[in-house]
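This report concerns only the one structure given below.
In full-length UniProt numbering, the protein residues as written are 1 to 77.
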(Lines of atoms letter the chains of each structure in order from A; the text may use other names.)
(Lines give C-alpha, C1' and ligand atoms only; values in the text may rest on other atoms or scores of the structure.)
Protein backbone atom coordinates (compact mmCIF):
# COMPACT_ATOMS: atom_id res chain seq x y z
CA UNK A 1 0.00 0.00 0.00
CA UNK A 2 2.75 2.47 0.79
CA UNK A 3 4.25 2.06 -2.66
CA UNK A 4 0.90 2.87 -4.22
CA UNK A 5 0.50 5.99 -2.09
CA UNK A 6 3.33 7.74 -3.93
CA UNK A 7 1.79 6.81 -7.26
CA UNK A 8 -1.51 8.31 -6.07
CA UNK A 9 0.28 11.57 -5.34
CA UNK A 10 1.77 11.57 -8.83
CA UNK A 11 -1.64 10.83 -10.32
CA UNK A 12 -3.10 13.78 -8.41
CA UNK A 13 -0.36 16.06 -9.74
CA UNK A 14 -1.01 14.94 -13.31
CA UNK A 15 -4.73 15.54 -12.82
CA UNK A 16 -4.04 19.17 -11.83
CA UNK A 17 -1.79 19.62 -14.85
CA UNK A 18 -4.49 18.20 -17.13
CA UNK A 19 -7.14 20.48 -15.62
CA UNK A 20 -4.90 23.54 -16.09
CA UNK A 21 -4.21 22.52 -19.69
CA UNK A 22 -7.87 22.04 -20.50
CA UNK A 23 -8.70 25.38 -18.85
CA UNK A 24 -6.23 27.08 -21.19
CA UNK A 25 -7.52 25.21 -24.24
CA UNK A 26 -11.16 25.96 -23.36
CA UNK A 27 -10.60 29.72 -22.94
CA UNK A 28 -8.07 30.10 -25.74
CA UNK A 29 -5.48 32.87 -26.09
CA UNK A 30 -8.02 35.71 -26.19
CA UNK A 31 -9.95 34.36 -23.20
CA UNK A 32 -6.80 33.89 -21.13
CA UNK A 33 -5.74 37.44 -21.96
CA UNK A 34 -9.13 38.77 -20.84
CA UNK A 35 -8.96 36.78 -17.60
CA UNK A 36 -5.41 38.01 -16.92
CA UNK A 37 -6.42 41.62 -17.57
CA UNK A 38 -9.40 41.30 -15.23
CA UNK A 39 -7.28 39.76 -12.46
CA UNK A 40 -4.67 42.51 -12.77
CA UNK A 41 -7.35 45.23 -12.86
CA UNK A 42 -8.98 43.92 -9.67
CA UNK A 43 -5.59 43.69 -7.95
CA UNK A 44 -4.87 47.30 -8.94
CA UNK A 45 -8.22 48.37 -7.43
CA UNK A 46 -7.34 46.51 -4.23
CA UNK A 47 -3.88 48.13 -4.12
CA UNK A 48 -5.39 51.59 -4.53
CA UNK A 49 -7.97 51.00 -1.81
CA UNK A 50 -5.38 49.65 0.60
CA UNK A 51 -3.09 52.57 -0.22
CA UNK A 52 -5.86 54.97 0.80
CA UNK A 53 -5.96 53.14 4.14
CA UNK A 54 -2.21 53.62 4.55
CA UNK A 55 -1.22 50.09 3.53
CA UNK A 56 1.16 50.58 0.64
CA UNK A 57 2.32 47.86 -1.72
CA UNK A 58 5.99 47.00 -1.42
CA UNK A 59 6.46 46.56 -5.17
CA UNK A 60 5.69 49.07 -7.90
CA UNK A 61 4.78 46.36 -10.42
CA UNK A 62 2.49 43.43 -9.68
CA UNK A 63 0.07 41.08 -11.38
CA UNK A 64 -2.15 39.21 -8.92
CA UNK A 65 -0.28 39.39 -5.60
CA UNK A 66 0.59 42.24 -3.28
CA UNK A 67 3.18 42.52 -0.54
CA UNK A 68 2.16 45.27 1.86
CA UNK A 69 4.02 47.50 4.29
CA UNK A 70 1.92 47.20 7.44
CA UNK A 71 4.22 49.01 9.84
CA UNK A 72 3.14 48.64 13.45
CA UNK A 73 -0.31 47.39 12.45
CA UNK A 74 0.77 43.87 11.53
CA UNK A 75 -0.53 42.34 14.77
CA UNK A 76 -3.88 44.13 14.39
CA UNK A 77 -4.34 42.76 10.90
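The C-beta atom is built at its ideal place from N, Cα and C for all residues, glycine as well.
Beta-carbon proximity check, residue i vs residue j, cutoff 8 angstroms
i: residue 55; j: residue 70; result: yes
i: residue 75; j: residue 67; result: no
Residue i versus residue j: straight-line alpha-carbon distance, rounded
i: residue 12; j: residue 77; result: 35 angstroms
i: residue 61; j: residue 15; result: 32 angstroms
i: residue 47; j: residue 73; result: 17 angstroms
Below-8 angstroms beta-carbon distance, residue i vs any chain D residue
i: residue 64; result: The displayed structure is made up of one protein chain only, and chain D is not part of it.
Cβ-based neighbour list, residue i, same chain, cut-off 7 angstroms, excluding 5 preceding and 5 following
i: residue 27; result: 35
Contacts around residue i, its chain only, beta-carbon distance under 8 angstroms, and the 5 residues preceding and following it disregarded
i: residue 64; result: 39, 40, 43
Collapsed DSSP secondary structure at residue i in the structure displayed
i: residue 57; result: strand
i: residue 50; result: helix
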